Amino acid sequence: MADKLVADKHVRYILMAEKKKESFESVVMDHLRMNGAYWGLTTLDLLDKLGSVSEDEVVSWVMTCQHESGGFAGNTGHDPHVIYTLSAVQILALFDKLSILDVQKVSSYIAGLQNEDGSFSGDMWGEVDTRFSYIAICCLSILKCLDKINVKKAVDYIVSCKILDGGFGCTPGAESHAGQIFCCVGALAITGNLHHVDKDLLGWWLCERQDYESGGLNGRPEKLPDVCYSWWVLSSLIMIDRVHWIEKGKLVKFILDCQDMDNGGISDNPKDAVDIFHTYFGVAGLSLLEYPGVKPIDPAYALPVHVINRILFTK
Amino acid sequence: MHGRPRNASKPEEEAASAAKAVQLRSLQSQFMTNHHDKIYTNEAIELSTKLLEINPEAYTAWNYRKLAVEDRLARIEPDPNLVSAILDEELRVVESALRQNFKSYGAWHHRKWVLSKGHSSVGNELRLLEKFQKLDSRNFHAWNYRRFVVELTNRSEQDELQYTDDMINNNFSNYSAWHNRSVLLSSLLAQNADGFMPNIKIPEEYDFVHSAIFTEPDDQSGWFYHLWLLDQTLNVETPLLTSSWPSHGSSIILSGAGCLSGSSSMFTTFCSESGSFPLILYFDQAVGGVSSSTVTIDSELKGNEGLVWEPIPNKNSQVSCVWVARLKYVSSDPCEYKVKIRVGNSPGIVSSRGYNFNAPYEFVFTAHVHDTVEDSQEGIVSWTDGFDIWDAKSKDLNSLVTLDRLNAEMDFKWRQEAIDSEVECFGILPDSKIGKLTLARLLMAREAMVSDDAVKGVHYEEILQLYNDLMALDSSHYQYYKDEHSKAFLHKVTSSSESLSRHLLRYRDMNNLVCLRLNNLSLSRIASVEKLLFVQMLDLSHNELHSTEGLEAMQLLSCLNLSHNRIRSFSALDSLRHVKQLKVLDVSHNHIGKHSVDTTRYLCSSPLSNSELGQDDVGKQNPGLVTKYWDAYCVLRDLNLKQLDIAGNEIAGEEFSSFVLQVVPKLVWLDGQKKLGN
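As they're listed, the protein sequences go chains G and A. Mind the numbering: the first sequence is residues 1 to 315 in the UniProt record's numbering, read in order. Mind the numbering: the second sequence is residues 1 to 678 in the UniProt record's numbering, read in order.
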C-alpha cells in the first residue's frame, strides 16, 4: 500500500524508457513514439522536470516526423495521421516552440480531413471517429486556426454521437466509452458548446465508474478499474463541474497503489507491469485531484495549465 | 500494461525478448524500404503480412496494404474471381490480426475498407462477428462493426432488436446489448413502426429490464436502460411553457430608479434606471425561434415594436429554456396598462430535438407605472435588518401556478400507470442502492405529474428520506445524493404557496423588494428556479453551493448573498453575468482562489475569447492582472454592482481589491467600506 507519490522514481523511469529504444516493447510501439514522447514529456513537466531532457534533440526529432502533407507520423518514416499530429503540436507547445511550425501547412492538413457531415477522418484512408474530431479541434485551437474548419458542423456531428445515457460514442449509435466521452466533451468544451451536454445525466454515468472497493475508475459499466480512466473520466467530470460526485480520496489511493515503488512508473492496476501511458495518466489524474507537488493540468487540452494560458492569453 | 504482470524479468526472458526485438526491427526496416519505394511484389506483401501478424498495431503497414491492393487491382483483368482472390486474402490477414488483438482499430478499419470495395457476404461478416462477440460480448469494435454491416446490408431494425433479445436472454449482464436495444427501440418508436407504440412497448420493456436489475442489484447493465425508459415515460416531446414573469393574472408596479412613497407589499415593484423591465419565458426544454413574430405583445406601452428576444445564457447557440425580452416604459408617464402576451402566435418555436411548440398560450398581466419621488439612496444593503414579514394576502405567488404541462399530452394515462407500477415494484425491493435511487426518481416523477393541488407535495418526505439513506449506504457518491436531496428539498419548498411563503420577506429599504431566505439549509444545488422568477433578493448564505448554475434565469435579482458557501472561483459565478439587475453581491467567506483546478472554466463561453481580454482601458493598463484574474474580470465588468463583499477568500487582498475598483468604477461599498470618490 502506497501513501505517497514517488515522483523522482517516475522521472527516472521516463528518462530511461526514452533511451531504451531496442527492447521488444519499444520496437513494437515504434509507430507511436510521438504519443509516447507526449506522455513522457507532459508527465515530466507536471513534475517540474521538463529540463531533464534535451529540448533541441526532442524538437528536431519531432520535425523529422513531419510529412510533406503537413501531418506528423508516429515516428520517422511512418505515415502521417492526426493522432500523431496533435501529439507533435502538444510537444512543441510544452517547449514553447510552436513558432517553428509552418502553421498554414499543419492546419491545412487537418482541415482537409473534415468530411461533409462535419466529422473528421484520421488520415487519407478515411477512418471516422469522434476521437479525430477532438484531435482536430484541440490541435487547431492550440494553433489558433479553428476558423479553418466548419466548427458548427463539427459540433453538430459530435452532438449526433450523443447517446441516450448522456454519453458519447465513436460514431452515431455507438456505445458510451469514457475515452470517447473525454474526446467529445473536450471538443465541446474548447468550442464553448458544453450546453449540449446533459451534465446531470452524464455526470451520474461518469461517477458510477468508481469502484467501491478499490476506488479506481473503469471506462464503462461492468469493466475493471484502470488508471487511464482516472484521466478520461476525471477530466470529463471536471469539465462539466460534477467531479464532486466521486470520492477523490479513494481515487488518489488507487492511483498511488498502482505505482511501482521500486522501479518507478505506474500501471493500469496494482498487479500489472508499468508503462509510459499509464504513468502519464496516473500523474495527470493526480494533478486533477490537486495532489501536492504536481502542477495543474488543463482537463480539455491535456497540457499543463501554464502552457495553455500562455497560448490562450496571447493574441 | 494490460494483462502483463509486474515481474522482474529473468535473464533468459530478457535474452529472448532482445532476440525478438532484433527480428522485429529488421522486419520493420525492410517493410519501410518497400513502402517508401512503392514495392508491391508478392514477396513484399508477404513481408507486411508477417509484420502485421506480430504487430497488428503497425498502422503504416495497413496503409501499405491498401496501396498494394489498389496497385494489384489496377494491373489485373477485371475478372471477379481475381478480384475476389485479392480481397479474400485481405480479409484473411485481418482475421488473423484480430485474433492477435481484437481491439485493433487498424484491423477493423481495413476490413471495412475491403468491404466497401463491394466484397464479402453478410453471412460471412455476421459469422465473424458471432465468433468475436462470443470471445467478448462487450467488444465495442465488434458492435460498431456490426452496425456498419447492418447498414451496408439493410438488415432490419426488428431483426437486430431480436439479436439483442437473444444476447440479453443469454446473459443480462451485457451493457452493450442494452445500449444497442435502446438505440434500435428509439428509432422504431420514433418511426411509429408496426407494433411499436410507446404505450405498449415501454411497459413491456420495464418488465424485461426488471430481470437485470432485480437479479443482481449491483450490476449496472440495466440501470441506464431503466433510466432511459423513465425518460421516455416522463418526457413529452413537444415543448411547453413552464412559467413566465410576469405571470398570468398578476399585477406589477414599474418605476424609475429611486424610492416610491408608500410602496406596495402586495405587488412586486420593479425599479429600473434603463426604463425597461424583463419579460421572461421559461420552457421545459431548450427551444429556438422565440422572436417578435412567434411571440406577440399586445399593450399600450409605447416603443415595443420589433422586440428583441434573447436566449439566456447561450448566445452561442440560439436555443435555451429561458428567453428574455425587455419591454420599455416611461416612468414619468404614470398609468395602468394591460399587457397581453401570446406565445406561439405563429409557428417557429422549435425544441432542439425538432418538435414544434404547437399550442399557443396566452397570458395577461397589469403593469402600473409610477413616478419616482426621491432619488435613490446609496445606503448599504443589510441582510439581517429592515425586513417585514410576508403578507399572506400578497398576490405575487400566482407565479407558482405552473401551467398544466400535461394538458396537451393525450396519452397521459399510460405514463401515470407505468410510473405507478414501477413504484410498486421498487417499493418491495430490499435495501439496495439502485432500488432506493430508482424509487426516489420514480416518486419525483410522480410529483411532476401531479396536477391536483391537494395531493401535491405528498411524496417529498419519503424522497428526502431515501436520499438520506443513500448518503449513508453509498458514501462514495455522497455528493451526488446531496445534490439530488437539495433539488428535492427546493421542489418541496416551492410546491405550494404556503410552504414558499414561509421563506419570503419584504426588504423595506428598497421598495419592499421580494426577498427569499434559503440560508442555513445545507443546500449544495440550486433548483426550481422556474418558480422563483419573481424573487428580487435572494439569501443563500451558509450553504454548500459551489456554483450559481441556474440563477441566470432570475432576471429580477438585484441582491444576492452567497457568503459562507463553497464557491471556488469567479468562473463558478459566470451565470451572474446575465443577471443585469444585480447591484448587491456578497461572496465573502468562500473558497475563491484556494484551488488550482478550475471546474467551471469551460462552462463559461469559449476560452478562446480570452485573447480578447484586455482590449479595453482596464485591460490595457493592467494586462498582467487581467490575465491573473480573468474570470473575475469577465464577471464583474458585465455587471453594475454598487455593493460587493469578497473578504474571507484566499483571493482577497490589496491587489485584488484595487483591481476590482478599476473594473467596477461605480462600486460604492466594498467589504462594508464606502469607497472614496463615489
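We put the CB at the ideal spot given by N, CA and C, even for glycine. What you are looking at is a predicted structure, and each value in this text was computed from that prediction instead of being measured.
- When the Cα atoms are used, A/D88 and G/Y291 turn out to be separated by approximately 54 Å.
- Excluding residues up to 5 positions away in sequence, nothing lies with its Cβ nearer than 8 Å to the Cβ of G/T314 in the same chain.
- For G/F24, the neighbours in chain A by C-beta distance under 8 Å run, in chain order, S17, A18, K20, A21 and L24.
- Closest in C-alpha terms to A/K103, from the list A/R577, A/L636, A/E300 and A/S137, comes A/S137.
- In summary, A/S475 is exposed, with fewer than 16 beta-carbon neighbours lying within 10 Å of its beta-carbon over all protein chains present.
- Distance check between A/N358 and each of A/S331, A/Y225, A/Q621 and A/L241 places A/L241 closest, using alpha-carbon atoms only.
- DSSP assignment within the segment 241-273 of chain G yields the following whole alpha helix (DSSP H) runs of 4 residues or more, N-terminal first: 248-257.
- Taking all protein chains shown into account, A/H564 has 16 or more neighbouring C-beta atoms within 10 Å of its C-beta and is therefore buried.
- Not a single CB atom of chain A sits nearer than 8 Å to the CB of G/D48.
- Per DSSP, the beta-bridge partners of A/G256 are A/S272.
- Counting along the chain, the unbroken beta strand (DSSP E) around A/K328 starts and ends at S320 to K328.
- Contact check between the segment 175-185 of chain G and the segment 322-337 of chain A: fewer than three CB pairs, one atom from each, fall below 8 Å, which does not count as touching.
- Ranked by Cα distance from A/A445, the first of A/E157, A/N63, A/T233 and A/T372 is A/T233.
- A Cβ-Cβ contact shorter than 8 Å links A/I434 with A/I213.
- Each of A/S346, A/L518, A/G289 and A/M167 was checked against the Cα of A/F208, and the nearest Cα belongs to A/M167.
- Secondary structure note for A/L241: its beta strand (DSSP E) is the uninterrupted segment L241 to W245.
- A/S121 has a beta carbon lying at 8 Å or more from every beta carbon in chain G.
- The continuous alpha helix (DSSP H) containing A/P203 extends over residues P198 to T215.
- Put simply, the segment 192-205 of chain G does not touch the segment 246-260 of chain G. Fewer than three CB pairs are less than 8 Å apart.
- Within chain G, the residues whose beta carbon sits less than 8 Å from that of A/Y175 are E175, R220, P221 and E222, listed in sequence order.
- Residue pairing by DSSP puts A/Y507 in a beta bridge opposite A/F387 and A/L513.
- The residue from G/V53, G/A2 and G/K49 with its alpha-carbon nearest to that of G/E18 is G/V53.
- Non-local beta-carbon contacts of A/M554 in its own chain, meaning distances under 8 Å to residues more than five positions away in sequence, involve V529, L532, L533, V535, L538 and V579 in chain order.
- Judged by beta-carbon spacing, G/I297 lies beyond the 8 Å limit of G/L289, meaning their Cβ atoms are not closer than that value.
- Neighbours of A/M444 in chain G, taken as residues whose beta carbon is under 9 Å from its own, are absent, since the nearest beta carbon is some 12 Å off.
- Between A/K436 and A/L470, the CB-CB gap stays under 8 Å.
- Positions of the beta strand (DSSP E) runs, each at least 3 residues long and wholly inside the segment 550-630 of chain A, are given as 559-561 and 584-586 in order along the chain.
- The C-beta of A/T153 has fewer than 16 other C-beta atoms within 10 Å across all chains shown, which makes the residue exposed.
- Cβ contact annotation for A/D638 (same chain, cutoff 7 Å, sequence separation greater than five): R577, in chain order.
- In the structure shown, the three-state DSSP call for A/R525 is coil.
- Cβ-Cβ distances below 7 Å link A/K338 to S299, V364 and T366 in the same chain, with the five nearest sequence neighbours on each side left out; the list follows chain order.
- The beta carbon of G/Y280 sits no closer than 8 Å to any beta carbon of chain A.
- Contact between the segment 646-661 of chain A and the segment 624-632 of chain A is present, with at least three C-beta pairs closer than 8 Å.
- Rounded to the nearest whole angstrom, the CA to CA distance from A/K583 to G/H278 is 49 Å.
- Here the alpha carbon of A/I297 sits roughly 12 Å from the alpha carbon of A/R326.
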